[in-house]
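Here is the structure we will look at.
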Amino acid sequence: MPPDSFVPRPKQAEVLAYTGGKMGVSAVPGSGKTETLSRLAAQLIAGGGLDGHQEVLVVTLVNSAVDNFYRRVSNLVKTRGLLPHAGYRVRTLHGLSHDIVRERPALVGLSDKFEIVDERSADEILSDAAAAWLRSHPYALEHFLDPALEASKLDWVRRDPLLGQVKEIALAFTRMAKDRQLTPEKLRGQLDELINPFPLAEMGWAIYTDYQRALAYRGAVDFDDLIRLALLAVQSDEKLLARLRDRWPFILEDEAQDSSRLQEQILRLLTGPDGNWVRVGDPNQAIYETFTTASPDYLRDFLEQEGVARRELPNSGRSTESIICLANYLVTWSRAEHPVRAVRDALSPPPILPVPAGDTQPNPPDDPASIYLMGNKFTPDGEVRAVVESLARWLPEHPDSTVAVLTPRNQRGFDVVDALRQRGLEVVDSLLRSSTSTRKAAGALANVLHHLADPTASQR
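Just so it is clear: in the sequence shown, position 309 is 309 by my numbering, and no numbers are missing.
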């Protein structure tokens, strides 16, 4: 195996100096976060502080990141002359929750043969529950509709868009209820104590109740249940909690900006008051808070807590200095001058810095002229035409380069693709054309193949 040529940047070295306790790391995009965390895991494994049954637990966001961490840590451990599959475990929060619940399913009211419904099945069950509620209460939401709607338009709204809205509200309601550990029974009691009626809350409760009843009929739980029940298990059984704390004396949390309330509670319990917990993330890149109960505030609050060593990974070689300056200006402007004061704390330091001189991954050569802010006001069609004309000029001048076009929604992407093809420009639109279910199926097949290729892998 070739020798390790990695030379940590000064700020990476500060993180890698960690030996124990609680540490929070605010990492900007392109700062080498994954590499640094992987090397920290390998250091802890090779440091001699683990007994034979103990593991460093790495918790990350998605399955692809699990595979990435596993490969990196495996290779790093191997270079130290150790077994590549021992001394660590890499899990998503759902995978970790499944591990915990499987320890004692009866403790949380499940049979040993309980099933987990995938997101597609859960979506179908929720859709059925939402449709059933709407059929039973066809006029319950009339006062939320525009009274100026014509009769034909109103009928169309009731048939199609309204069902989508009901389902969307029910999904958010169900996730929030589970994040707050509120069963339908507990929630019913709280709603009954209210003086004034809340029609949307009543609707959410009814659909949530039917959804949970359908899961129970199947002897199944969904992913949100897994997390809730994992927390319940470690809260209810001190011996189980002690055993898990002993098994995982070090917890390294990746993408902590997308941590949820339940995730933080589970990891805080597993760590204990005097345990070892490292949380790494970028509070300015919180994606999941827009459609889950995750929030970057959990990481921000952790960084400010007494007893937490605060570190930063501010250096990034991903972009030119002009792009870095523009990104930093957006943060500064939003915190000081954004016209909506309520969102001025949405973004936070540290600012992005270029990498130090002599770095093995230097920033690209700067080109301030490559950043162009267009102040024109376009119609939707006019904007598409402007983008296509710009690409038609740029591509022939850069035959060995590619360019990405980002759109706010799929339909807008289809419009751009059609316009580009009409101009005879080659387009790759696989990310637009594949559905969410297709991508999930491909991911599941990839996981199966990874397992068949390496059945002993410690993240499986």
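Just so you know, even glycine gets a beta-carbon here, dropped at the ideal spot from N, CA and C.
With contacts defined by Cβ atoms closer than 8 Å, residue 315 and residue 354 form a contacting pair. In its chain, beyond the 5 residues on either side, 224 and 228 have a beta carbon closer than 6 Å to the beta carbon of residue 178. Here residue 384 is actually not in contact with residue 417; their C-beta atoms are around 10 Å apart, not less than 8 Å.
For residue 234 against residue 100, the beta-carbon gap comes to about 6 Å, under 8 Å, which counts as contact. In the DSSP assignment, residue 60 falls outside any alpha helix (DSSP H) and within the unbroken beta strand (DSSP E) covering 56 to 60. Judged by their CB atoms, residue 326 and residue 335 are not nearer to each other than the 8 Å cut-off. With a threshold of 16 other beta carbon atoms within 10 Å, residue 254 meets it and is buried.
Taking 8 Å as the upper bound for CB-CB distance, residue 134 and residue 166 are in contact here, some 6 Å apart. Checking the DSSP bridge columns, you'll see residue 116 partnered with 221. With 16 or more other Cβ atoms inside 10 Å of its own Cβ, residue 281 counts as buried. Beta-bridge partners assigned by DSSP to residue 11: none are found. Proximity to residue 453 across 44, 157 and 71 peaks at 71, based on C-alpha coordinates. Around the beta carbon of residue 92, a 10 Å sphere encloses 16 or more other beta carbons of the protein chains shown; the residue is thus reported as buried. C-alpha of residue 83 to C-alpha of residue 74: approximately 8 Å in a straight line. For residue 169, the uninterrupted alpha helix (DSSP H) segment begins and ends at 161 to 179.
Taken in chain order, the complete beta strand (DSSP E) segments of 3 or more residues contained in the segment 298 to 365 are 308 to 313. By DSSP's assignment, residue 279 forms a beta bridge with 24 and 253. The criterion of a C-beta distance shorter than 8 Å is not satisfied by residue 292 and residue 409.
DSSP places residue 393 within a helical segment (H, G or I) once states are collapsed to three. When rounded, the separation of the alpha-carbon atoms in residue 312 and residue 351 is 10 Å.
Taking one beta carbon from each stretch, the segment 144 to 157 and the segment 120 to 134 have fewer than 3 pairs nearer than 8 Å; the two do not touch.
Annotation: the continuous alpha helix (DSSP H) that includes residue 70 extends over 63 to 79. Under the three-state reduction of DSSP output, residue 19 falls in the coil class, being neither helix nor strand.
Taking residue 4 as reference, the option from 22, 256 and 35 with the minimal CA-CA separation is 35. Look at residue 88 here: in three-state DSSP terms it is strand.
Of the residues 22, 30 and 20, the one whose Cα lies closest to the Cα of residue 361 is 30.
Shown here for residue 222: same chain residues with a beta carbon closer than 6 Å to its own, the five before and five after excluded, namely 117 and 122 in chain order.
Within its own chain, the residues whose Cβ lies closer than 8 Å to the Cβ of residue 169, once the five positions on either side in sequence are excluded, are 200, 203 and 204, listed in chain order.
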